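Some notes on the structure that comes next.
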Amino acid sequence: MDSEVITRRIQVLRQEHGDLEAAIEALQTAPAVDQLQIARIKKRKLRIKDEISQLEDLLIPDIIA
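The opening residue of the sequence shown carries number -15 in my numbering; numbering runs sequentially from there.
Right, dumping it as structure tokens:
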């Protein structure tokens, strides 16, 4: 994968991660809190964070000590 493609994907994922955080905050302040929906969003957010980490690892060259 090209580093520009990886960088762009990371940017998209970070935006989505932020959007999910905002959604969680909005749901938690709603009068009728849907814990199941919040849990699903948190799982999705965690998967995105993991994908970001994996992509960032691809950008960092391996250093053999």
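All C-beta atoms, glycine included, are put in the ideal place defined by N, C-alpha and C. Nothing here was measured: the structure is a model prediction, and the numbers come from that model.
Practice task
Whole angstroms is fine: what's the gap from D3's alpha carbon to L43's?
Solution key: Counting from 1 along the sequence shown, the entry for residue 3 is found at position 19. Counting from 1 along the sequence shown, the entry for residue 43 is found at position 59. Spanning the two alpha carbons is a distance of roughly 24 angstroms.
Handout entry: Closest Cα partner of E0 within the set L30, I47, Q38 and A14
Key = Counting from 1 along the sequence shown, the entry for residue 0 is found at position 16. Selected option, being the one with the closest Cα: L30.
Handout entry: Coil, strand or helix - A6 by DSSP
Key = For the purposes of this step, residue 6 is taken as residue 22 along the sequence shown, with counting starting at 1. Note: A6 maps to helix in three-state DSSP.
Exercise for the section: Within its chain, find whatever has a CB closer than 7 angstroms to the CB of S37; leave out the 5 residues flanking it on each side and keep chain order. Expected result: Along the sequence shown, one-based indexing puts residue 37 at 53. Excluding positions up to five away in sequence, the list is empty.
Problem - Alpha-carbon to alpha-carbon, V(-11) and V(-4) - result: Residue -4 sits at position 12 when you count from the first residue of the sequence shown. Residue -11 sits at position 5 when you count from the first residue of the sequence shown. V(-4) and V(-11): Cα-Cα distance of roughly 11 angstroms.
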